[in-house]
Amino acid sequence: MNILLIEDDEIEVMKLERTLTKLQLKHNLSKAKNGEQALEILRASSKLPDIILLDLNMPRMSGTEFLQILKEDEFLQYLPTIILTTSENRADLLKCYQIGVAGYIIKPLKYEDYQLKLQKVLEYWDINQLVKG
Ligand SMILES: [Mg+2]
């Protein structure tokens with residue numbers, strides 16, 4: 061799959077990259093540091109990602125703000141977007157499902173647990189019929 065990770069924390073980006081390597085997953089990872097950059101990437105590229113992994117707490121544009129714009133976009137609204145966050149805030153969770161997320165994953169603190177969760181998420185999306193386009 062082509063995955064777009066939107067995450068401002070470099071350590072979190074490295075954690076996902078490490079997980080992909082460790083699990084020997086051949087997914088193709090693109091990265092954006094915030095929602096604005098992600099929109100630029102999405103609007104400029106001819107090939108859209110299969111799924112988006114989205115952080116919530118980011119500077120400039122929060123995850124929910126990005127999500128709102130994405131879901132109002134004629135072309136980008138169909139992209140399955142999965143929240144990857146440490147926020148257990150119920151208001152965040154409700155807001156995200158209201159706007160239309162494909163999943164809401166709370167990242168475990170322990171790396172082994174994180175890896176297991178991410179493996180399941182990616183396996184699940186890998187068997188889904190993807191939008192492609
Ligand atoms: Mg963050």
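Adding 60 to a residue's 1-based position in the sequence shown gives its number in the numbering used here. Here a beta-carbon is modelled for each residue, glycine too, at the ideal position from N, C-alpha and C. Remember, it's a predicted structure, so these values are computed and weren't measured experimentally.
Please classify ASN88 as buried or exposed, where buried requires at least 16 other C-beta atoms within 10 Å of its C-beta. Walking along the sequence shown from the start, residue 88 turns up at place 28. Burial call: exposed.
Tell me the rounded alpha-carbon separation between ILE166 and SER106. The residue given as residue 166 occupies position 106 in the sequence shown. The residue given as residue 106 occupies position 46 in the sequence shown. Rounded to whole angstroms, ILE166 to SER106 spans 31 angstroms at the Cα level.
In terms of residues, what are the limits of the beta strand (DSSP E) holding GLY42? For the chain, the structure presents residues 61 to 193; residue 42 sits outside this window and is missing.
Among ILE187, ILE71, GLU183, LYS192, the one whose alpha carbon lies nearest that of GLN84: As a working note, residue 84 is residue 24 in the sequence shown. Out of ILE187, ILE71, GLU183, LYS192, GLU183 has the C-alpha closest to the C-alpha of GLN84.
Under the rule that 16 or more other beta-carbon atoms within 10 Å means buried, what is TYR171, buried or exposed? Locating residue 171 in the sequence shown gives position 111, counting from the first residue. The residue is exposed, with fewer than 16 neighbouring Cβ atoms inside 10 Å.
Which residues in the same chain have their Cβ closer than 7 angstroms to the Cβ of GLU98, if we skip the five residues on either side of it in sequence? Indexing the sequence shown from 1 puts residue 98 at position 38. Here residue 98 is Ala; the residue named in the question, Glu, does not match the sequence. Excluding residues within five positions, the ones whose Cβ falls inside 7 angstroms are LEU64, ILE66, ALA92, PHE126.
Tell me which residues share the same chain as TYR164 and place their Cβ nearer than 8 angstroms to its Cβ, disregarding the 5 neighbours each side in the sequence. Mapped onto the sequence shown, residue 164 falls at position 104. Excluding residues within five positions, the ones whose Cβ falls inside 8 angstroms are ILE142, ILE143, THR145, LEU153, CYS156, TYR157.
Distance between ASN117 and ALA151 (C-alpha atoms, nearest Å): Residue 151 sits at position 91 when you count from the first residue of the sequence shown. Residue 117 sits at position 57 when you count from the first residue of the sequence shown. For ALA151 and ASN117, the distance between alpha carbons rounds to 13 angstroms.
Would GLY160 and ILE129 qualify as a contact pair, given that the criterion is a beta-carbon distance under 9 angstroms? Working through the sequence shown from its first residue, we reach residue 160 at position 100. Working through the sequence shown from its first residue, we reach residue 129 at position 69. No.
Cβ-Cβ distance between LEU190 and ILE111 below 9 angstroms: The residue given as residue 190 occupies position 130 in the sequence shown. The residue given as residue 111 occupies position 51 in the sequence shown. In this structure, ILE111 lies closer than 9 angstroms to LEU190 by Cβ.
Going by other Cβ atoms of all chains shown within 10 Å of its Cβ, with 16 needed for buried, is LEU169 buried or exposed? As a position in the sequence shown, residue 169 is number 109, starting the count at 1. Exposed, because fewer than 16 other Cβ atoms sit within 10 Å of the Cβ of LEU169.
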